[in-house]
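J.:
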Amino acid sequence: GYNPVLMQKGMKAASSRIAAEIEKLAKPVQSGDLLNIATVSVGGDLVMGKNIADAFERVGATGNVVIEESQILTDEVEVSEGLTLDRGYISPYFVTDAQRSVAEIKKPRVLVTDLKISDGYDLVSILEECLKTKQPVFIIADDVTGEALQVLVLNKQRGVLDIAAIKAPAFGARKTAILQDIALATGAEFINSELGMTLYDAKPEQLGSCERVVIEKDKTTIISDGSYADAVKERIKQLQREVDESDSSYDKEKLQERIASLGGGIAKIKVGGPTETEVNDKKLRYTDAMNAVRSAKELGVVPGGGSVLLHLSRPEFADGLKEGLKTEDEKAGADLVFNSLAAPVRQIAKNAGEDPSEVVFKVRGKDFGYGFNAATKVYEDLMEAGVVDPAKVVINAVVNAASIAGMVLTTDAVVTEIPKKEKPGGGMGGGMGGMGGIG
1 GYNPVLMQKG
11 MKAASSRIAA
21 EIEKLAKPVQ
31 SGDLLNIATV
41 SVGGDLVMGK
51 NIADAFERVG
61 ATGNVVIEES
71 QILTDEVEVS
81 EGLTLDRGYI
91 SPYFVTDAQR
101 SVAEIKKPRV
111 LVTDLKISDG
121 YDLVSILEEC
131 LKTKQPVFII
141 ADDVTGEALQ
151 VLVLNKQRGV
161 LDIAAIKAPA
171 FGARKTAILQ
181 DIALATGAEF
191 INSELGMTLY
201 DAKPEQLGSC
211 ERVVIEKDKT
221 TIISDGSYAD
231 AVKERIKQLQ
241 REVDESDSSY
251 DKEKLQERIA
261 SLGGGIAKIK
271 VGGPTETEVN
281 DKKLRYTDAM
291 NAVRSAKELG
301 VVPGGGSVLL
311 HLSRPEFADG
321 LKEGLKTEDE
331 KAGADLVFNS
341 LAAPVRQIAK
351 NAGEDPSEVV
361 FKVRGKDFGY
371 GFNAATKVYE
381 DLMEAGVVDP
391 AKVVINAVVN
401 AASIAGMVLT
411 TDAVVTEIPK
421 KEKPGGGMGG
431 GMGGMGGIG
């Protein structure tokens, strides 16, 4: 038999090379691609797909898209000012929507500081003031730990105050600059440790405000209430002048990032519906579609329907990728990966009521880019037909599948749940499954 460790090594090598090739084959995403990807990701609902595409197109490359509930029955897209930070919540106990793993706070007071907060007493005056006015609190600090974090979590869990906290983005002088930007955009006074300022002496008037904060695991979006829009525009002009005057490519890049964070609009997809169940379902589908569109914008798109993987399973390509593998065991592991690449097309064909072997044979015989369109049951140029997948999604599918299979291959035992046997005469059977495929 083969050595499982060496087979795992071959599987990893094959999946890495396939991923690199997919990245080379990817094409930049077009506006029509966004609509197609979004529509497929929400389950074929064209109206929802158009809302996603419209939201991303309206905010451009520097903007962000968020989801919130509407007070009306229909969905709508609304664009407002705001900024995005590459930091998520400090503690999962701040999460307000467990299904989406998101913490949302409406109309909070905003504390901006570069101090590390560990003593709960430092927050007493601020929390007491917000408790009096019954306003939520959003804290951006160098870090919140120990007793201070316990105080925040306890108040949150007991429903005393709606609270969330994140760590300040970046480091050193750049962190200070970004915190100054945030303070400007929210009307807060930046409590700066370098100036000897402390939280213990903080006054209510030093807190800022905003319309809403949406905090994810690794990203925070601050949606402005528009009160400080003029000040933000002036700061952007100042930063642009600094970009024009700078001779450092690194400094230019970091200044452009600050401009993008401050100037990027926020598109809000307001989700409505007759029942809470329907609204929650639509919010989850919108979230899936947003992730797919972001993946497409990041690495581009490839022909969909599993065709790109099937074409990469051809012997002339597979044999080339296997060059450099030292042992037969490694090559056997690589073969496992290449032999699996036809599986998506097979499943899509089966779901469409076609003969999987026949579809695989026909697609494999055509040029790259052509494949089987399950919606029309036509063999055509899938890119032109708008049948595309985000390259990142396809890459992740291959790499993750190979990783899991390799782990199982080198594991002595696997714990699994034994499915319960259904009792006879249990009523109607299940419905038809959805379309298969990747993306």
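Using full-length UniProt numbering, the letters of the sequence shown correspond one by one to residues 1 to 439.
Glycine is no exception: its CB is placed at the ideal position from the N, C-alpha and C atoms.
Owing to the predicted nature of the structure, the values given are computational and were not obtained by experimental measurement.
Shortest alpha-carbon distance to ILE223 belongs to which of ASP281, ASP45 and GLY263?
T.: Comparing Cα positions, the closest option is GLY263.
J.: Going by DSSP in three states, ARG212 sits in which element: helix, strand or coil?
T.: The answer is strand: DSSP assigns ARG212 an E or B state.
J.: Could you tell me the boundaries of the beta strand (DSSP E) in which GLY82 lies?
T.: Start and end: 82–85.
J.: Mapping DSSP to helix, strand and coil, what is GLY1?
T.: In the structure shown, GLY1 sits in coil (DSSP, three-state: anything other than H, G, I, E or B).
J.: Looking only at its own chain, which residues have a Cβ that is under 8 Å from the Cβ of GLY433, when we skip the five neighbours before and after it?
T.: Confidence at GLY433 is low in this model, with a pLDDT of 38, below 50, so the placement of that residue is unreliable and no value is reported for it.
J.: Threshold first: 3 residues or longer. Then list the beta strand (DSSP E) segments lying entirely within the segment 2–58, N to C.
T.: Whole beta strand (DSSP E) segments, 3+ residues: zero.
J.: Which whole runs of the alpha helix (DSSP H) in the segment 311–361 are 4 residues long or more, in chain order?
T.: Entirely contained in the segment 311–361, the alpha helix (DSSP H) runs reaching 4 residues are, in chain order, 315–322, 328–340 and 343–351.
J.: Within 10 angstroms of its Cβ, does THR221 collect 16 or more other Cβ (buried), or is it exposed?
T.: With 16 or more Cβ atoms within 10 Å of its Cβ, THR221 is classed as buried.
J.: Are the beta-carbon atoms of ALA374 and ILE348 separated by less than 7 Å?
T.: Cβ distance < 7 Å, so ALA374 and ILE348 count as in contact.
J.: Looking only at its chain, what residues have a beta carbon closer than 8 Å to the beta carbon of TYR379, apart from the 5 residues adjacent to it on each side?
T.: Closer than 8 Å at Cβ, skipping near neighbours: LYS362, VAL363, LYS366, TYR370, GLY371, PHE372 and ASN373.
J.: Using the beta-carbon count (16 or more within 10 Å), is ASN400 buried or exposed?
T.: Exposed, by the Cβ-count rule.
J.: Skipping 5 residues on each side, what residues in its chain have a beta carbon closer than 6 Å to that of THR96?
T.: Cβ within range, chain order: ALA103 and GLU104.
J.: Using the three-state DSSP reduction, which class does TYR228 fall into: helix, strand or coil?
T.: In this structure, TYR228 counts as coil in the three-state DSSP scheme.
J.: Measuring only the C-alpha atoms, how far is TYR200 from GLU69?
T.: Going from the Cα of TYR200 to the Cα of GLU69 covers about 37 Å.
J.: With a 10 Å radius around its C-beta and 16 neighbouring C-beta atoms as the bar for buried, classify ILE117 as buried or exposed.
T.: When all chains shown are included, ILE117 counts as buried.
J.: With DSSP run on the structure shown, which of helix, strand or coil describes VAL398?
T.: It is helical.
J.: Per the contact definition of three or more C-beta pairs closer than 8 Å, is the segment 315–325 in contact with the segment 11–18?
T.: Output reads yes: the segment 315–325 touches the segment 11–18.
J.: In the DSSP assignment, the beta strand (DSSP E) including ASP389 goes from what residue to what residue?
T.: Per DSSP, ASP389 belongs to the beta strand (DSSP E) from 388–390.
J.: Among the candidates ASP75, ASP114 and LYS106, whose CA atom is the shortest distance from the CA of LEU195?
T.: Closest option to LEU195, Cα to Cα, is ASP114.
J.: Using only the alpha-carbon positions, how far apart do ALA332 and LEU25 sit?
T.: Between ALA332 and LEU25, the C-alpha separation is close to 26 Å.
J.: Count the other CB atoms within 10 Å of the CB of SER313; is the residue buried (16 or more) or exposed (fewer)?
T.: SER313 should be labelled buried.
J.: Go to GLY172, then tell me how far its beta strand (DSSP E) extends in each direction, as first and last residue.
T.: From DSSP, GLY172 is part of no beta strand (DSSP E) but of the alpha helix (DSSP H) over 172–186.
J.: Which of helix, strand or coil does DSSP assign to TYR370?
T.: TYR370 falls in the strand class under three-state DSSP.
J.: Alpha carbon to alpha carbon, how far is LEU255 from MET290?
T.: Cα to Cα, the separation comes out at about 27 Å.
J.: Could you tell me if LEU73 is buried or exposed, where buried requires 16 or more neighbouring beta carbons within 10 angstroms of its beta carbon?
T.: The residue is exposed, with fewer than 16 neighbouring Cβ atoms inside 10 Å.
J.: Please report the straight-line C-alpha distance between SER307 and ASN396, rounded to a whole angstrom.
T.: Computed Cα separation, rounded: 16 Å.
J.: What would DSSP say about THR133, mapped onto helix, strand or coil?
T.: Helix, per DSSP.
J.: Does the contact criterion of 3 or more C-beta pairs under 8 Å hold for the segment 129–142 versus the segment 154–168?
T.: Verdict: yes, contact present.
J.: Within a Cβ cutoff of 8 Å, which residues of the same chain sit near ASN36, ignoring the five residues on either side of it in sequence?
T.: Cβ within range, chain order: GLY49, GLY386, VAL387 and VAL388.
J.: At what residues does the beta strand (DSSP E) containing ASN64 begin and finish?
T.: Residues 64–69.
J.: Give me the Cα-Cα distance between ASP225 and GLU257, rounded to the nearest whole angstrom.
T.: Cα to Cα, ASP225 sits roughly 22 Å from GLU257.
J.: Which class does TYR89 belong to by DSSP, given the choice of helix, strand or coil?
T.: If DSSP states are grouped into helix, strand and coil, TYR89 belongs with the strands.
J.: Going along the chain, which residues of its own chain have a beta-carbon closer than 6 Å to the beta-carbon of ASP122, five neighbours each way excluded?
T.: Hits under 6 Å: LEU199 and TYR200.
J.: For PRO390 versus VAL301, is the C-beta distance shorter than 7 Å?
T.: Yes. Within cutoff.
J.: In whole angstroms, what separates the C-alpha of ILE269 from that of ASP162?
T.: So the two alpha carbons sit approximately 23 Å from each other.
J.: By Cβ distance below 6 Å, which residues in the same chain neighbour GLY429 in space, the five residues on each side in sequence not counted?
T.: Note that GLY429 scores a pLDDT of 43, beneath 50, so its modelled location is shaky; the value from the coordinates is reported in the next line. Answer for GLY429: no residue qualifies.
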